[in-house]
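Peer 1: In the numbering used here, the protein residues as written are 55 to 214. Quick reminder that beta carbons are idealized off the backbone N, C-alpha and C, glycines included.
#1: Can residue 163 and residue 172 be called in contact, C-beta distance under 8 Å?
#2: If I'm right that residue 115 touches residue 91 with Cβ under 8 Å, what's the distance once you round it to whole angstroms?
#3: Closer than 8 Å is the cut-off here; do at least three beta carbon pairs connect the stretch 151–163 with the stretch 131–143?
#4: Please return the same chain residues whose Cβ sits closer than 8 Å to the Cβ of residue 85, not counting the five positions on each side in sequence.
#5: Taking C-beta to C-beta, are residue 160 and residue 72 nearer than 8 Å?
#6: Using a 10 Å radius around the Cβ and a threshold of 16 neighbouring Cβ atoms, would you call residue 62 buried or exposed?
So, in C-alpha cells, the structure goes:
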C-alpha cells in the first residue's frame with residue numbers, strides 16, 4: 055500500500071469545525087438516501103424512486119436509484135462517523151452535482167420553485183469535507199494510527 059496515498063486519504067487538516075459540518079450534512083444525506091432506498095421519512099422507496107428517475111431520463115431507473123440512494127445513505131453514514139471521509143464526501147458531492155443538473159437547474163436557484171439551492175449547499179459542504187477531511191473527531195484518525203502501526207501511516211512517513 056502506498057504510504058502517500060494512505061496519508062492523503064486519512065489525514066485531515068480539519069479541526070472541530072469538520073465535525074460540526076460532517077455530522078448534520080451526513081445525517082441529511084443519509085435521511086435522503088433512506089427515502090430513496092427504503093421509503094423511510096415519507097420517501098418513495100427504491101421502486102418509486104426508480105420509476106421517477108427513469109421518467110426524467112435517468113435510466114436504467116433502478117440502477118440510478120441504487121446509486122443515488124446508496125451514495126446518499128452510506129456516504130451520509132460514513133460522514134457522520136468520519137469513516138473514509140474524503141471518498142464519502144467526494145461521492146456525495148458528485149451525487150449532488152447530478153441532482154443539480156439533472157433535476158433542479160431548470161427551476162432556478164430557490165427551493166420554493168424546486169431550485170438547486172439546497173443541492174448546491176450540500177455539494178459545497180461535501181466538497182469542503184473532501185478537501186479538508188474528517189477533522190479531529192473522525193474514525194479516519196483511528197485508521198491512520200492503526201495503519202501507521204502497520205507501517206503505512208504517520209510513523210512510516212515520519213521515518214519512525
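Peer 2: Let's see:
#1: Between residue 163 and residue 172, the gap from beta carbon to beta carbon reaches 8 Å or more.
#2: No, residue 115 and residue 91 are not in contact; Cβ-Cβ is about 13 Å, not under 8 Å.
#3: Output reads no: the stretch 131–143 does not touch the stretch 151–163.
#4: Taken in chain order, the residues that qualify are 94, 95 and 130.
#5: The answer is no: Cβ separation not under 8 Å.
#6: When all chains shown are included, residue 62 counts as exposed.
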